[in-house]
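In what follows, a single structure is set out as structure tokens and then discussed.
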Amino acid sequence: MAKAKVAVWKFSSCDGCQLSLLDCEDDLLALAGQIDIAYFLEATSEVVEGPYDVSIVEGSITNLHDAERIHEVREQSGALITIGACATAGGIQALRNFADVGEYTRVVYASPEYISTLRDSTPISAHVPVDFELRGCPINKAQLLEVIGALLAGRRPRVREHSVCVECKQRGTVCVMVAHGTPCLGPVTHAGCGAICPAYDRGCFGCYGPMESPNAAALNAQLAVNGAEQIDLFRLYRTFNAAAPAFKEASEL
Amino acid sequence: MAELASCTLEREAFDSLFEALERRGYGVIGPRVRDGAIVYDRIAASSDLPVGLTDEQDGGHYRLVPREDAALFGYNVGPHSWKRFQLPAQRTLWRGKLDEDGNLSDIVEGPAEPERLAFLGARSCELHAMGILDRVLLGGSHPDPAERAAREGVFIVAVQCSQAGGTCFCASMGTGPTAQSGFDIALTEVIEDGRHYFVTAPGSDAGRELLAELPTSAAGAAEEGAASAAHARAAAQMGRELDITDIRELLYRNYDHPRWNEVAERCLTCGNCTMVCPTCFCTSVEDVTDLERTSVERVQRWDSCFTIDYSHIHGGAVRQSAHSRYRQWMTHKLATWIDQFGSSGCVGCGRCITWCPVGIDITEEARAIRASEEAVHAGAR
Chain A
64 MAKAKVAVWK
74 FSSCDGCQLS
84 LLDCEDDLLA
94 LAGQIDIAYF
104 LEATSEVVEG
114 PYDVSIVEGS
124 ITNLHDAERI
134 HEVREQSGAL
144 ITIGACATAG
154 GIQALRNFAD
164 VGEYTRVVYA
174 SPEYISTLRD
184 STPISAHVPV
194 DFELRGCPIN
204 KAQLLEVIGA
214 LLAGRRPRVR
224 EHSVCVECKQ
234 RGTVCVMVAH
244 GTPCLGPVTH
254 AGCGAICPAY
264 DRGCFGCYGP
274 MESPNAAALN
284 AQLAVNGAEQ
294 IDLFRLYRTF
304 NAAAPAFKEA
314 SEL
Chain B
4 MAELASCTLE
14 REAFDSLFEA
24 LERRGYGVIG
34 PRVRDGAIVY
44 DRIAASSDLP
54 VGLTDEQDGG
64 HYRLVPREDA
74 ALFGYNVGPH
84 SWKRFQLPAQ
94 RTLWRGKLDE
104 DGNLSDIVEG
114 PAEPERLAFL
124 GARSCELHAM
134 GILDRVLLGG
144 SHPDPAERAA
154 REGVFIVAVQ
164 CSQAGGTCFC
174 ASMGTGPTAQ
184 SGFDIALTEV
194 IEDGRHYFVT
204 APGSDAGREL
214 LAELPTSAAG
224 AAEEGAASAA
234 HARAAAQMGR
244 ELDITDIREL
254 LYRNYDHPRW
264 NEVAERCLTC
274 GNCTMVCPTC
284 FCTSVEDVTD
294 LERTSVERVQ
304 RWDSCFTIDY
314 SHIHGGAVRQ
324 SAHSRYRQWM
334 THKLATWIDQ
344 FGSSGCVGCG
354 RCITWCPVGI
364 DITEEARAIR
374 ASEEAVHAGA
384 R
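Protein sequences appear in the order of chains A and B. Under the numbering used here, the first residue of the first sequence is numbered 64, with each subsequent residue one higher. Under the numbering used here, the first residue of the second sequence is numbered 4, with each subsequent residue one higher.
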């Protein structure tokens, strides 16, 4: 079987998700045996021209140049997979969607006149069709391998969209919300991390964005009963997935 | 109960029970404190138990609080149930190899020989739950051999509740608080007049043999009376109540009741109720291949009727709304379960109430539906 020709692309992001690919350590050799990395600037400056069987895309669209470049990527890709909160929801940089980006630019940059940027940070799926979105900030490398493996095997990836609570209960973690009163986004958050934070006595931060059928209004009502103020709720949702529609709406309740 | 003759075991001698179980090669699972709750895990001595603690429970609320005494079992059920050991949250059903053409070969079935376990501290509602789960997993024409192997060798030390929790309603379900069968040994803890002891009763030959090795004394009328008083105290303390009169017909009549919409507004569809329920048995089975496509395994994992994927069939998921998912769960638990398995699927342990992050209460939901019918009937008169 011919190896799949794979490209890894970066848009507005911190590189953490594509580094997960290099972080696959024990599986890296097996992976290299199955795919040809044709374009992956984080790993090698050697570039093989497209088209590519699979494109893995990290980052959000935040400027006009990238808004055009993503179409070029789409055109030369068989399957296009987006990875991470930036690519799937706009990322932490989408906080500017709620503010005046010009004001942010003036505060951050010494010479803001050199900055050309769009008003909003948007996910890849707002610009081109996406074949699979892998959530997380950062993504779970085991899930990344699963998505790649499933793609190579021609099967559906085993990536569940239910709440983090299911993962907590599967691993036997005590509910931090019920037993400690800790504010937790687990009930409205997409599984995938393996419920790490509650296992270390922290509420879920919502890194994987909204689950399949989030009821944030009901969760917020309970968090308020447990003592959360409006500003606390606002801050809970305004993080890595702030612009994901369900979290955006939840922060405005 | 196999025999009514009961004995007493003093607190100071309680660890002889652990020693006797150890001599028989049992790994002991029982209650212990972890992360602010009482969970079921490995224990080796009475000092591992939640000594001097009790639990405060209500809808969406659980806190450990100190007791005034040093009771070993002075609390009710926590977030874990014995389901975790009957039906593990995740297990590999078989492993196989794939040849160059992708065909399956060399299938290795099932897990290794299961460890012999003793469950120490199982409550009456939990014994009923184990029985229900046994009927589901081991009854019918396709019993699960791995379940059977894991279950058959279990030694059960039941603890009779001497108090009920805020979300307990076993008395309504006819599953407690006092265990009548389904155990090898039953213990009732008594602390009074400066004496701390257990009234013990065997429930099987194995239990009788084990008890014979412990430094017990015959129980007198006063001690048996103290145990009975403890059982009565628990029965009188039920935090919740569920009227199960014609419950199946009630729910079948009210498939389109507006209450389902109201509960759906609060329901997070997070699945916590099903995960903590000691009888919810739904699992998903996934085939896992490695990157090189040379090996494959079939993994079974706890799943939930509250996830969309669980009802995904050709064409899509059949239960998209929270309304339909909550109705499915509660109607199955209290009504269709009776048709399917010959008993209610609910044992009144209250876990779904306590561990629902927003405190949805199955007893309250059933009450609201019943009350609305009664109001209609009253109006008609």
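Think of the CB as a built atom: it goes at the ideal place given N, C-alpha and C, for glycine as much as any other residue. Bear in mind that the values here come from a model prediction, so they are computed numbers and not experimental data.
Tryptophan 72/A is bridged by DSSP to Val120/A. The stretch 88-98 of chain A makes contact with the stretch 205-215 of chain A, as at least three CB pairs between them are under 8 Å.
Cβ-Cβ separation between glutamate 150/B and glutamine 89/B: approximately 7 Å, consistent with a contact (criterion under 8 Å).
The beta-carbon separation of serine 175/B and isoleucine 250/B, rounded to 10 Å, does not stay under the 8 Å limit for a contact.
Listed along chain A, no residue sits closer than 7 Å to aspartate 51/B by beta-carbon distance, the nearest being about 17 Å off. Threonine 252/A is not a Cβ neighbour of valine 222/A, given a cutoff of 8 Å. Taking a beta-carbon distance threshold of 8 Å, valine 31/B does not count as an interface residue toward chain A. Within the stretch 197-256 of chain B, the complete alpha helix (DSSP H) segments of 4 residues or longer fall at 208-215, 224-239 and 250-256, listed in chain order. Interface annotation for the stretch 208-235 of chain A against chain B: Leu208, Glu209, Ile211, Gly212, Ala213, Leu215, Ala216, Arg218, Arg221, Arg223, Glu224, His225, Ser226, Val227, Cys228, Val229, Cys231, Lys232, Gln233, Arg234 and Gly235, criterion Cβ-Cβ distance under 9 Å.
From the beta-carbon of valine 120/A, no residue of chain B is found nearer than 7 Å; the closest lies around 21 Å away. For glycine 154/A and leucine 120/B, the gap between their C-alpha atoms comes out near 48 Å.
DSSP places histidine 243/A in the helix class (H, G or I) of the three-state scheme.
By the beta-carbon neighbour count (other beta carbons within 10 angstroms, threshold 16), leucine 215/A is buried. One finds Gly39 in chain B with Cβ atoms closer than 7 Å to the Cβ of histidine 243/A, taken in chain order. Excluding the 5 residues flanking it on each side, alanine 213/A has same chain C-beta neighbours closer than 8 Å at Arg219, Pro220 and Arg221, in chain order. The C-beta of asparagine 106/B has fewer than 16 other C-beta atoms within 10 Å across all chains shown, which makes the residue exposed. Closest in C-alpha terms to glutamate 116/B, from the list Arg94/B, Ala152/B, Met133/B and Arg87/B, comes Ala152/B. The beta carbons of alanine 101/A and leucine 85/A sit no closer together than 8 Å. Rounded to the nearest whole angstrom, the CA to CA distance from asparagine 203/A to serine 83/A is 8 Å.
Contact between the stretch 160-173 of chain B and the stretch 63-83 of chain B is present, with at least three C-beta pairs closer than 8 Å. A straight line joining the alpha-carbon of tyrosine 200/B with that of arginine 35/B spans about 20 Å. Cβ neighbours of isoleucine 194/B within its own chain (closer than 7 Å, five residues either side excluded): Asp72 and Ala74. Under the DSSP assignment, lysine 336/B falls outside any beta strand (DSSP E); it carries neither an H nor an E label. Listed by position along chain A, the residues whose Cβ is nearer than 7 Å to that of threonine 272/B are Ser276 and Asn278. With its beta carbon at least 8 Å from every one in chain A, methionine 176/B lies outside the interface. Under the three-state reduction of DSSP, serine 19/B is assigned to helix. Only exposed fits leucine 127/A, as fewer than 16 other CB atoms lie within 10 angstroms of its CB.
Under the Cβ criterion (8 Å, minimum of three pairs), the stretch 92-101 of chain B does not count as touching the stretch 183-191 of chain B. Measuring C-alpha to C-alpha distances from glycine 266/A to each of Glu135/A, Gly272/A and Cys238/A identifies Cys238/A as the nearest.
Put simply, of Arg243/B, Pro91/B and Ser49/B the residue whose alpha carbon is nearest the alpha carbon of proline 281/B is Pro91/B.
Taking one beta carbon from each stretch, the stretch 335-355 of chain B and the stretch 211-230 of chain B have fewer than 3 pairs nearer than 8 Å; the two do not touch. The continuous alpha helix (DSSP H) containing tyrosine 300/A extends over residues 293-300. Shown in chain order are the members of the stretch 340-364 of chain B whose Cβ falls below 7 Å from a Cβ of chain A: Thr357, Trp358, Pro360 and Val361.
With respect to the 8 Å criterion, phenylalanine 74/A and isoleucine 124/A are classified as neighbours on the basis of their beta carbons. Between phenylalanine 21/B and alanine 47/B a beta carbon distance of about 6 Å is seen, short of the 8 Å cut, so the two are scored as contacting. For the 8 Å CB-CB criterion, aspartate 259/B and serine 287/B do not form a contact.
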